[in-house]
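Heads up: the structure comes next, in C-alpha cells.
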Amino acid sequence: MGPEGEQLGVMSSREANSLAMSYQLDLYCVAPTAVPPVCRICNYGKVRFEKQKQDKLKKKNQKVQELKQIQLTPQIGQHDLETKARKGREFFEKGDRVEVCVVFRGRQMTHTEIGEDVMKKFNEVCADVASVEKAPYWEGKWYKEILMPIKRK
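When you read off a place in the sequence shown, starting at 1, and then add 6, the result is the number in my numbering.
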C-alpha cells in the first residue's frame, strides 16, 4: 500500500523498500503472516505514536474489579441490614464484587442457623443487582460468601 492508502500491487521486498526510500518514508509490515505479506509505506514514528495513544486510551477505560467486604452479625436489626444492603448495591453499581461476612462471637456459634438466615435475607435484598459467585462457606467463626454484580446490557 502506498503513502495515501492506494494499492501498489504485488512486488518484491527489495522493490518495495526502494519505493519507500524514494518517498522518504518507512516500509511497515502490517500483516506479516498473510500470503503474500501486506506492507505499507508510511511514517513509522507516526504509526507507533497512534498505537501508543490507542493503548493508553484502552488502559484508561479499563475498570479493575475490587473485592469489598460487608460484615454482618447474627443479631443485626432489619434497618441495619437494609443500610448494609444499600451500601452493597452501591458497590455492585460501581462493578465491584462483595464479600458478605456474618461474624459469630462466643456463644453465637451454637445457633449458626440464625447467621445463615441473615445471609439469605441479604441475598434476597440484593437479588436484582447481584448473583452468588462463591457459595456460602465457613472460615473459622466467619460465615462468608462472595457476590458479583449482574452484567447489564
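Just so you know, even glycine gets a beta-carbon here, dropped at the ideal spot from N, CA and C.
Opposite residue i in the DSSP bridges: which residues?
{"i": "residue 103", "result": "73"}
{"i": "residue 136", "result": "155"}
{"i": "residue 108", "result": "78 and 149"}
{"i": "residue 32", "result": "48"}
{"i": "residue 160", "result": "An answer regarding residue 160 cannot be provided, because it is not within the stretch 7 to 159 covered by the chain."}
{"i": "residue 141", "result": "Answer by DSSP bridge pairing: none, since residue 141 is not bridged."}
{"i": "residue 37", "result": "44"}
Measuring CA to CA, which of the options is closest to residue i?
{"i": "residue 144", "options": "24, 119, 45 and 128", "result": "119"}
{"i": "residue 87", "options": "131, 27, 45 and 26", "result": "131"}
{"i": "residue 33", "options": "140, 40 and 53", "result": "53"}
{"i": "residue 28", "options": "101, 41, 48 and 127", "result": "48"}
{"i": "residue 124", "options": "90, 39, 17 and 12", "result": "90"}
{"i": "residue 45", "options": "61, 83 and 17", "result": "17"}
{"i": "residue 141", "options": "129, 64, 14 and 51", "result": "129"}
{"i": "residue 51", "options": "74, 30 and 42", "result": "30"}
{"i": "residue 146", "options": "155, 115 and 96", "result": "115"}
{"i": "residue 42", "options": "15, 113, 83 and 126", "result": "15"}
{"i": "residue 36", "options": "20, 57, 24 and 121", "result": "57"}
{"i": "residue 67", "options": "59, 22 and 73", "result": "59"}
{"i": "residue 69", "options": "84, 101, 63 and 62", "result": "101"}
{"i": "residue 83", "options": "113, 65, 121 and 73", "result": "121"}
{"i": "residue 94", "options": "156, 26, 12 and 21", "result": "156"}
List the whole-angstrom C-beta distance separating residue i from residue j, where the pair is believed to meet the contact cut-off of C-beta under 8 Å.
{"i": "residue 133", "j": "residue 98", "result": "At roughly 11 Å, the Cβ-Cβ gap does not stay under 8 Å, so residue 133 and residue 98 are not in contact."}
Would the region 97-106 count as touching the region 143-151 if we require 3 or more Cβ pairs under 8 Å? yes
Are there three or more Cβ pairs, one per stretch, closer than 8 Å when the region 71-84 is compared with the region 109-116? yes
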